[in-house]
Amino acid sequence: MSRPIPPSYKPKNWPAYSEALKQRGSLTIWFDPDMAWVPPPTGKRGRQPQYSDAAIQTCLTMTVLFGMALRQTTGFVESLLRLIGLGWAVPDFSTLSRRQKSLAVSIPYRGSQGPLNLLIDSTGIKAEGEGEWHARKHGGSKRRLWRKIHIGVDEQTLEIRAIEVTSSNVGDAPMLPELLDQIPADVEIASVTADGAYDTRKCHDAVADRGAHAVIPPRKNAKPWKPSTAGAIARNEALRAANYLGRAIWRKWSGYHRRSRAETKMHCVKLLGQSLMARDFDRQVPELQIRAAVLNGYTALGIPVTEPVG
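Residues 270 to 579 in this note's numbering are what the sequence shown spells out, letter by letter.
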């Protein structure tokens with residue numbers, strides 16, 4: 270039996286989307302002259318910070334966007350302020366490095382209309398070691414370090430709503446409740462879509478506690494669970510539906526294919542760099558959070574609206 274031909278799509282808003290792609294290269298969307306560059310007094314004893322978190326995040330955003338070292342970032346922001354006509358002081362490289370370790374990154378998002386459909390995925394990104402070509406040609410050294418990124422993507426707006434960074438030895442399933450905790454309690458979650466690695470009691474219970482529907486394919490050797498919790502009851506219903514309809518039909522019926530949008534977003538995260546520039550974990554977490562903020566800024570400018578053709 271031949272496979273069905275997948276449909277082709279074309280964008281309906283190509284002029285607007287093309288303009289959004291052009292605006293992604295504009296510095297005006299990354300630098301706001303009205304931002305609070307100097308923080309307000311805290312009222313506490315000791316020296317007050319000279320630069321606000323917004324100022325530090327702006328400088329580190331330039332680092333992530335253009336792949337510059339911290340000293341180069343300082344020179345770039347100085348020249349940018351000079352062109353704008355602002356006489357603000359610029360943090361030096363040591364201040365950026367020190368503040369990055371404890372920076373509270375602000376990740377903007379617009380929010381979707383109606384309940385939130387959350388798409389969950391995770392991937393690894395190289396933190397230390399040789400590149401792939403060197404490792405294949407000469408054999409990689411024993412010290413090749415990887416970090417793991419866990420994200421939750423809004424299906425409607427394609428924005429990153431939750432992100433966690435862990436070491437490579439942490440599994441996918443334990444981080445799902447942590448991602449759901451980043452969604453405000455007053456935000457209604459309609460569904461949570463994830464792959465079979467999240468088919469655990471803890472994940473299903475966490476989704477059920479938020480009043481959401483779990484779109485998680487049961488494992489191939491899955492057995493019914495004892496219906497002691499709402500998550501176990503929902504998972505048993507999904508297992509019966511998958512066994513009755515077949516996994517291929519169940520995936521189409523449940524809308525599991527939407528999870529591919531989270532995989533696409535992971536690809537976008539790696540387009541900002543196949544490896545991390547920071548060397549310690551406390552600085553790598555803000556670096557990846559800034560990547561999420563950059564991607565949400567890209568998405569806010571405009572996304573393609575497609576329709577099937579043929």
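Note that beta-carbon positions come from the ideal geometry of N, C-alpha and C, so glycine has one too.
Just so it is clear, the structure is predicted and the values come from calculations on it, not from any experiment.
Nearest residue (CA-CA) to Trp519, options Lys495, Pro486, Asn505 and Glu532: With distances taken between Cα atoms, Trp519 lies closest to Pro486.
With 16 other Cβ atoms within 10 Å as the buried cut-off, status of Val307: Val307 counts as exposed, since fewer than 16 other beta carbons sit within 10 angstroms of its beta carbon.
Same chain only: Cβ atoms within 8 angstroms of Phe300, ignoring 5 sequence neighbours per side: These residues qualify, in order along the chain: Thr327, Leu349 and Ile353.
Bridge-paired residues (DSSP) for Val422: DSSP, once it has assigned bridges, lists Leu388 and Ile429 as partnering Val422.
Cα-Cα separation, Lys539 to Arg560: Just so you know, the alpha carbons of Lys539 and Arg560 end up roughly 9 angstroms apart.
6 angstroms CB neighbourhood of Gly465 in its chain, flanking five on each side removed: Pro486 and Arg488, listed in sequence order.
Whole-angstrom C-beta distance between Gln553 and Arg416, which should lie under 8 angstroms: Confirmed, Cβ separation roughly 6 angstroms.
Under the three-state DSSP convention, the category Gly465 falls into: Helix, per DSSP.
Beta-carbon spacing of Glu428, Tyr378 below 8 angstroms: Cβ distance < 8 angstroms, so Glu428 and Tyr378 count as in contact.
C-alpha distance - Met331 paired with Thr568, whole-angstrom precision: C-alpha separation (whole angstroms): 18 angstroms.
N-terminal and C-terminal residue of the beta strand (DSSP E) that Ala483 is part of: Segment His482 to Val484, the beta strand (DSSP E) holding Ala483.
Alpha-carbon spacing of Val476 relative to Gly524, whole angstroms: It is roughly 17 angstroms from the alpha-carbon of Val476 to the alpha-carbon of Gly524.
Nearest residue (CA-CA) to Ala454, options Ala289, Leu385 and Ile432: Nearest option by C-alpha distance: Leu385.
CA nearest to the CA of Lys471, picked from Ala459, Ala463, Ala442 and Ala285: The residue from Ala459, Ala463, Ala442 and Ala285 with its alpha-carbon nearest to that of Lys471 is Ala442.
Distance CB(Thr575)-CB(Lys370) smaller than 8 angstroms: No, they are not a contact pair.
Closest residue to Ile389 among Met304, Lys534, Leu514 and Leu365 (Cα-Cα distance): Of the candidates Met304, Lys534, Leu514 and Leu365, the one whose C-alpha sits nearest the C-alpha of Ile389 is Lys534.
Status (buried if at least 16 other CB within 10 Å, exposed otherwise) for Gly421: Around the beta carbon of Gly421, a 10 Å sphere encloses 16 or more other beta carbons of the protein chains shown; the residue is thus reported as buried.
Cβ-Cβ distance between Tyr278 and Val578 below 8 angstroms: Taking 8 angstroms as the Cβ cut-off, Tyr278 and Val578 qualify as a contacting pair.
Beta-carbon gap between Leu449 and Asp423 smaller than 8 angstroms: With respect to the 8 angstroms criterion, Leu449 and Asp423 are not classified as neighbours on the basis of their beta carbons.
For Leu350, the three-state DSSP class (helix, strand or coil): DSSP places Leu350 in helix when its eight states are reduced to three.
Straight-line gap, Gly440 to Gly356 (C-alpha atoms, nearest Å): When rounded, the distance between both Cα atoms is 48 angstroms.
Bridge partner(s) assigned by DSSP for Tyr278: The bridge partners DSSP lists for Tyr278 are Pro577.
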